[in-house]
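Novice:
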Amino acid sequence: MLNLIKLEFKKTKLGWYYKGAVIANLCILGLLCLIGSEEKNLTQGQMSMADAASTLLLIGVFVRSVFIVFAGVLIAKLVIGEYKNRTITVMFTYPVSRKKLIAAKLLLIGGLTFLTMIVSELIVAFIFSQLNNVYPFSPEKLTMQAIGNEIGSMLMYAASSTGLSFIPLYFGMRKQSVPATIVSSCILITLISQQSPGFSLASIIYIPISLAVIGIVIAFWSIRKIDREDVL
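Take a look at the structure:
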């Protein structure tokens, strides 16, 4: 399985993904600075970044939302697009089961999504903490200790978000549609990213965990569906 994932990684052109991740992180940083500047005249109770915890919550929501959409694009390119255009039939001629081939694609997507969520959240939090020292966008400093204390939570939320990022796979497979996959991922993040000062639907851990379970079930369903169907 590891060799299949490596093979899929080598044949997939991911330059757009890396560039997109950098641009997305810069946009998130800019948005955080804009929010901090606009909220300067508000009371601390009305601020989205009133303290370190709420700042990290907001960063996490932004980062996970972006990369759930990125996961939708990956699913559209690596699974739905190849399935719809029948290019996946070339892989089905390999002396390897269909289940393993599709599982390798989904594991690659899940691994990339999880890794970029963690790395991006840490990078954005670190850079914003340094910017906040120069120009106080938040009334409370975001220290390295505060970021370190949240690493466990970051890992947990990234894992659950990775699972729920497979939900758009259902809509893509059902209609064999790339747009349906990407649009459903956008709708998904709109629903789970409802935000108010100090609160987010995504912060209620039962919600992302439940959606993650649904996403994983959909991933298994998709593997079985492709294994049973003749795409020729």
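In this note's numbering, the protein residues as written are 591 to 822. Note that the Cβ used here is the ideal one computed from N, Cα and C, for glycine as well. Since the structure is predicted, the reported quantities are computational estimates derived from the model, not experimental observations.
#1: Apart from the five residues on each side of it in sequence, which residues of its chain come closer than 6 Å, Cβ to Cβ, to residue 625?
#2: Taking C-alpha atoms, which residue in 599, 734, 733, 718 lies nearest to residue 727?
#3: Would you identify the three-state DSSP class for residue 768, choosing helix, strand or coil?
#4: Which word fits residue 651, buried or exposed, when buried means at least 16 other C-beta atoms lie within 10 angstroms of its C-beta?
#5: Do residue 806 and residue 689 have their beta-carbon atoms positioned less than 8 Å apart in this structure?
#6: Cutting at 8 Å between CB atoms, please list the residues of its own chain near residue 629, excluding the five before and the five after it.
#7: Measuring only the C-alpha atoms, how far is residue 691 from residue 594?
#8: In this structure, how does DSSP classify residue 638 when only helix, strand and coil are distinguished?
#9: Could you have a look at residue 773 and say whether DSSP puts it in helix, strand or coil?
#10: Cβ of residue 656 within 7 Å of any heavy atom in the ligand PLP?
#11: For the alpha helix (DSSP H) holding residue 673, just list the boundary residues, first then last.
#12: Within this structure, are the beta carbons of residue 694 and residue 649 separated by less than 8 Å?
#13: Out of curiosity, what's the CA-to-CA distance linking residue 672 and residue 767?
Specialist: Concretely, from the data shown:
#1: 638
#2: 718
#3: helix
#4: buried
#5: Cβ atoms of residue 689 and residue 806: not closer than 8 Å.
#6: Counting only residues of its own chain and dropping the five nearest sequence neighbours on each side, residue 629 has a CB closer than 8 Å to the CB of 636, 637, 638, 639.
#7: 7 Å
#8: coil
#9: Note: residue 773 maps to helix in three-state DSSP.
#10: In the structure on display, the ligand PLP does not appear, and there are no ligands present to speak of.
#11: 671-675
#12: In this structure, residue 649 does not lie closer than 8 Å to residue 694 by Cβ.
#13: 11 Å
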